[in-house]
Amino acid sequence: MEYRFRAIEKKWQQQWREKGTYRVSNDTEKPKCYVLDMFPYPSGAGLHVGHPLGYIASDIYARYKRLKGFHVLHPMGYDAFGLPAELYALDTGQHPAVTTEQNIRRYREQLDNIGFCFDWSREVRTSDPSFYKWTQWIFLQLFNSWFNRERQQAERIPALVSLFEQEGNIRHECPGDSSLMFSAAAWQGYDTQKQQEILMHYRLAYCGYGEVNWCEALGTVLANDEVVNGVSERGGFPVVRKQLRQWYLRITEYADRLLEGLTRVDYSEAMKDMQANWIGRSEGAEIRFALDVPSAAGAAQPYLDVYTTRPDTLFGVDFMVLAPEHDLVDTITTREQRPDVEAYVNYVKSRSERERQAEKQISGCFTGAYALHPFSGKKIPVWISEYVLAGYGTGAIMAVPCGDERDHRFAQHFDIPVTNIIGEAYTGEAANPSKDAILQNSGFLDGMRMRDAAAAVVRRLEDTGQGRRKVNYKMRDAAFSRQRYWGEPFPITWDNGVAVPLDENALPLELPHVEKYRPGPEGEGPLANVESWTSRHLETNTMPGYAGSSWYFLRYMDPHNDQAFAARAATDYWNQVDVYVGGTEHAVGHLLYSRLWTKVLYDLGYLGFDEPYKKLINQGMIQGSSRLVYRVRDSNRFVSAGLKDGYLTDPLHVDVNLVEGMELNIEAFRQWRPEYRDASFILEDGRYLCGSEAEKMSKRYYNVVNPDDIVEKYGADTFRMYEMFLGPIEQSKPWDSKGIEGVHRFLKKLWRLFADEQKGWIVTAEPPSEDALRILHKTIRKVEEDTQRFSYNTAISQLMICVNELTALDSHSRAVLEPLLVLLTPYAPHICEELWQQLGHDTTVLDAAYPAAEEKYLAESTVKYPVAINGKTRTDMVFPADADAAAIESEVLQHEVVRKWMDGKAPKKVIIVKGRMINIVV
RNA sequence: GCCCGGGUGGUGGAAUUGGUAGACACGCGGGACUUAAAAUCCCGUGGCCAGCAAUGGCCGUGCGGGUUCAAGUCCCGCCCCGGGCACCA
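Take the first sequence: its letters are residues 1 to 922, numbered as in full-length UniProt numbering.
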């Protein structure tokens, strides 16, 4: 009667599959719980032990909620469109659909091995036409919508058109071009093409020309969050800025809504900070400076708008700086300065994004032009410099060297005199960004605290029409097109430069089959090579990887619906995702985009909620633990780690599977690769010990551990529990098989509570002892609390304590063991099912109810209090658990040890912490 | 540079949020069973000091100060590690 985990796990996985144990319906009165994992991109490498970490965590929660009586939606699917499959296709000629299918099959096998409770009948794949039909459909909703700033919500384009017809765009500033203004009459006078052009500037999904992150090596544009340190996140290829026609999502319109929503969701503070910083809201003022350039008689005075968060420093402006790409540069540059300015602009253009970020030297050039201070009329020189970014604010700044470090460095570098408006707070050495100094040299602001002066300046500017309060965001609109094949086609045709949406009934617009994946002409995608595609004037770009993942969680609610992305009844029932588990790497990409899509669908009336995820759990990464051997330089001798300091060595990665703990299996190592066949070794204590290092789990470090191998050796239940026992889920840690034996031992010990090798099943019908009940109920309480708050490692510790104690008590009472099984089921479902069945139940343990802890067993009958005098512990005293403070106090003061230590003095204070501590202050 | 986390035994990590620091597990040491091994079980295991012993004392949560009867936990100032952002005016 031993614990035969392989047979047990196989049996139950098969049974769950055959009986459809985890299938959930949409029609029920039960309370719901939606537990979601970030679906994986099925890569060719398969799963390593790091991937299931989050899946195990969510699986435990899903099973726990089910035992608590909830109707649990716990689905899984695949983010199946994407670059790697296409790059692989370019190399090998294998169609991405084929390799993706293969990879999915492998993922599924590996996932099935671990015993998850996914409802596979709801599986989705973003590359499936029945799925991307609705991705395209949602795109059309975005295309046909605009953001009404007055109401702070998305509305349909026809509503905007009728507004234009009645009143032009007076009340609805154009988000794509704030200088655009027209009356109702003007609107009616525009031809269709012009009207469409204007509408494009309002649409939430729009096509425009813009500077994009172009990655030549990948042959496509990338969104801002896909560029890291000036190179592509995927592959690390150089990225340059380039003007291209692109599709965008107008996410900037939702900046405030996205910020506001963060206050209503349960994400970690770190995650909220990351999103808030990415959105980067700042409050300040836009200020208009007249330009001191000769203008033709009757023509309007030319001006320069700047954005500042510090209008209070307005009198400290010593120069202005434009981004080199700024529109005005060409018109204001004087004849004498033109050669220098042109040279500088060319220099800036020649610098790659990489160089710009790597070497931030001070550089710039005077344009020869001057602006006029709005209040003092002082002449202020206008410069250009690459430290001012074209894409933020107005692409121009007012420089206040005494208050801003960058401006100060610039002034020093170019010998521009600095005006001091904060007296002693400015030393002349460095800028002082304080907001608390008292203003001087500041006209009508003199004597005011800077903090208070800002509002006064803005008021004056607004009165005189020279500026206004302004909020700015760092976030830019999201680039939404890729020049690739393996993605969702846009449901758009082009008619003389006008984008025409396909009829909804024509969806899905299916991706045509191609044989070759090379890019099309002029930076266009592979679809531009497809005759049948271009002849219909279809858009040749495809959607980016994050399109499908922006809404997939909605499809799970009603995955087979071909009338809608999901029936409203289904989305109303399942509602928000209660718990979403995934890595932090999606903080500013996927998470932000899916929040945006949800808000738009909500605004348009398709959903009853506008935040997709109620609670977010970020699991840490499991790093690889690499093993290193030390080869003596220019030899084939290897020296053990402890002795390597005596030699000149080169560390080399060795396959972790050839190492047991730290000890190298020398024979296996010799077999591993031909060049090591004749290797010799310098041993310590007769063994060769390796070094180790925590690194990303990757083939090239030979440190990948496949979950299949662990499951084969110890079983899925052990694997699940061990991954959770390793530490808190949010924490990253290197994989280490060392402790897994302990968890395996625990399950064997559990098994022995039920079965004896000789005697067989030993569970009794006898009533349990008080002691057994006490440990059981304590365990129920603790495990439930810990499971609820995802503190799985401590829950498992408690389960171990419980099993240890029951073993020590030799307690085999059914009345204790049954509830214990229910507690343990979320963690180790296979063994629990088996034991449950052995106890004679004909239903699965998953239909059981989670046990409740009984108060009477939770209190210990007696409590040991340490008695301390002035903080020093002197003795222990034992009291009944329900003793009241007064009784304890009088008894303690009678105690002989206490009286001896107090030496006849009266206590100043007696502190009794319930069930903890007695402290007497003398 | 800025914004978040975090530093606890040989190791992974607990600590009811101010109440006996080191739960649980690994590892290690000792022992039992065994011809032997595996498996299993029991005991010990932060450091230093005293004692034959039961035991007792001192020190101890990155460093230095502080608040408190009581600090891993709170406050001030440093050091180090991890993550995010980075010329955003």
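Quick reminder that beta carbons are idealized off the backbone N, C-alpha and C, glycines included.
For clarity, every value in this text was computed on a predicted model and none was experimentally measured.
What would DSSP say about residue i, mapped onto helix, strand or coil?
i           : result
W735        : coil
H812        : coil
F490        : coil
R518        : coil
N793        : helix
C802        : helix
M278        : One detail in the question is off: residue 278 reads as Trp in this sequence, not Met. Here W278 sits in helix by DSSP.
T333        : coil
L817        : helix
M557        : coil
K32         : strand
L389        : coil
T825        : coil
L222        : strand
residue 923 : What the structure shows of the chain is the stretch from 1 to 922, and residue 923 is not part of that stretch, so it cannot be assessed.
H513        : coil
S58         : helix
For the beta strand (DSSP E) that residue i lies in, which residues bound it at each end?
i    : result
A154 : 153-156
I384 : 379-384
T367 : 365-372
R469 : 467-473
Q243 : 240-249
S625 : 622-632
A205 : 205-215
W146 : 145-148
V639 : 637-639
E693 : 691-695
According to the neighbour-count rule (16 or more other Cβ atoms, all chains shown, within 10 Å of its Cβ), is residue i buried or exposed?
i    : result
K782 : buried
G915 : exposed
F565 : buried
S442 : buried
D603 : buried
D477 : buried
Q14  : exposed
L652 : exposed
V579 : buried
E86  : buried
Y347 : exposed
N703 : buried
K599 : buried
N541 : buried
N229 : exposed
Under 8 Å by Cβ, that's how I've got residue i and residue j pegged, so tell me the actual separation to the nearest angstrom.
i    : j    : result
L304 : F315 : With a Cβ gap of about 17 Å, L304 and F315 do not count as contacting.
I279 : M475 : 5 Å
I762 : P819 : No, I762 and P819 are not in contact; Cβ-Cβ is about 18 Å, not under 8 Å.
Q483 : G219 : 6 Å
F691 : Y630 : With the sequence shown as reference, residue 691 is identified as Gly, and Phe is not the correct amino acid for it. G691 to Y630, Cβ: 7 Å. Contact.
S481 : M543 : 7 Å
Under DSSP, the alpha helix (DSSP H) around residue i begins and ends at which residues?
i    : result
N229 : Unbroken run through N229: none, as it is neither H nor E.
H830 : 829-838
F410 : 405-413
H590 : 590-603
R106 : 96-112
H841 : It is not in any alpha helix (DSSP H) - H841 carries neither H nor E in the DSSP assignment.
(request) Count the C-beta pairs between the region 270-284 and the region 583-597 that are closer than 8 Å, then say yes if the count reaches three, no if not. (result) yes
(request) Say whether the region 52-67 touches the region 105-120, bearing in mind that this needs 3 or more beta-carbon pairs closer than 8 Å, one atom from each stretch. (result) yes
(request) Indicate whether the contact test is met: 3 or more Cβ pairs, each with one atom in the region 231-250 and one in the region 206-218, closer than 8 Å. (result) yes
(request) Could you tell me whether the region 860-873 touches the region 781-795, using the rule of 3 or more Cβ pairs below 8 Å? (result) no
(message) Would the region 97-116 count as touching the region 46-53 if we require 3 or more Cβ pairs under 8 Å?
(response) yes
(request) Count the CB pairs spanning the region 675-693 and the region 24-41 that are closer than 8 Å, and state whether there are at least three. (result) no
(message) Does the region 504-521 come into contact with the region 465-472, if we say contact requires no fewer than three beta-carbon pairs (one atom in each stretch) closer than 8 Å?
(response) no
(request) Evaluate contact between the region 635-642 and the region 172-189, counting only Cβ atoms and requiring at least three cross-stretch pairs below 8 Å. (result) no
(message) Taking contact to mean 3 or more Cβ pairs, one atom from each stretch, closer than 8 Å, check whether the region 423-431 and the region 397-414 are in contact.
(response) yes
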